[in-house]
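Quick notes on the structure that follows.
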Amino acid sequence: MKITIVCGLLGGGKTSFIKNHIDSATEKTVVLVNDFGSLGIDAELISSGGLETVELPGGCVCCALKMDLMESVGKIIREMAPAHLVIEPSGLASPSGVLEALGDIDFNRLDVVCILDASEFMDLYKEEIYGNFFLEQVRLADMVLLNKTDLADDVSISGALDLVKEMNPAAHVVKTVGGCVDGGIPELPLKLSPKLSKIKKQAQGHGHALAFKVISMELGDEHSRESIAGLFSQMAEKKFGNIVRAKALVQTHQGPYRFDLAWGNINEVTFNSALSRSRLVVIGPDIVPDIMEEEIRNFLQA
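Each number in our numbering comes from the position in the sequence shown (counting from 1) with 489 added on.
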């Protein structure tokens, strides 16, 4: 069995990459999704593309959840026997925690793919919002996808490429738009004893998830597309506080929609299948969950 860990900061494009490039037609593939919050939005997005998906909610592959990850991987191997296991940790989770949890798993190949937002990468690095956690994601990667290059200027892209090479000279770096690699993913060289080398790397320093707070809300199906779009505009303007990431799957009066907010940028698209429930997940460093949830519900009911 081969394992691919797809990591990256919030809103970088991990889920888009998996939907675009993980092919279940040629080999049995299972995707284990560790989404932040408890409502499994990423898992539904991936499974809507036809991939077998297993959820591990919570958003932090460390401490108690590390044991849950070990149990989930063991169960997937026993009951589903995939040829390829893809693990998507939350953008809040430490990839070293994932590697540590895989220490007793038998596999013949392990690759770490890190997805970065080229339009935000340099600013986030300079602001030191993520600290060592930020550096770890890049340093542990075999491949780094510098995503959303269509939203970044040449100076930002050049600076990001130089910084990634400085952090991890051995990484294979690819520039992408929408998580799509032109011509498909290049075959990475198979390293000697990949399991041992990865576990040694992560032993250099074990990180934990960042101290962000998460709100997970069921929204009901009585809302219009315009009301949800208005809510996301208000969140982008920080009217509800310092929100760094929000996402929603909503069955609106006009049909199903997916909304994303990452670092002030909003993306809205129609969803390709009916939704059994509407939900919203919001994350930020300084939010008070009970108060913010009440404010959001009041806004939608106004």
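Don't be surprised by glycine CBs; every beta carbon is placed ideally from N, CA and C.
Check                                                                                                             : Outcome
Start and end residues, alpha helix (DSSP H) containing A649                                                      : 643-656
CB contact below 9 Å: K727 versus chain B                                                                         : Among the chains in the structure shown there is no chain B, since it carries only a single protein chain.
Strand pairing of S705, partner residues [DSSP]                                                                   : V770
Complete runs of the beta strand (DSSP E) confined to the segment 568-612 [at least 3 residues]                   : 573-577, 598-606
For A718, three-class secondary structure by DSSP                                                                 : helix
Three-state class that DSSP yields for D775 in the structure shown                                                : coil
L720 burial status per 10 Å Cβ neighbour count (16 or more: buried)                                               : buried
Nonlocal neighbours in the same chain, by C-beta distance under 7 Å from S608, ignoring five residues either side : K637, L640, A641, S645
Cα-Cα separation, H712 to H742                                                                                    : 6 Å
Where L516 sits in the DSSP three-state scheme                                                                    : Looking at the sequence provided, one finds Glu at residue 516 rather than Leu. It is coil, neither helix nor strand.
DSSP three-state assignment for F748, whether helix, strand or coil                                               : strand
Residue interval of the alpha helix (DSSP H) (run including K508)                                                 : 503-510
Contact set for S716: own chain, Cβ-Cβ below 7 Å, skip 5 residues either direction                                : L789
With 16 other Cβ atoms within 10 Å as the buried cut-off, status of R766                                          : exposed
Classification of S647 by the beta-carbon crowding that lies within 10 angstroms, buried from 16 upward           : exposed
Coarse secondary structure for I565, derived from DSSP in three states                                            : helix
Where the beta strand (DSSP E) through I674 begins and ends                                                       : Note, I674: premise wrong, no beta strand (DSSP E); not H, not E.
Close-in-space but distant-in-sequence residues of the same chain around K517 (CB under 6 Å, 5 per side omitted)  : P571, A572
Spatially closest choice to S705 from V771, E544, N756, V543, by CA coordinates                                   : V771
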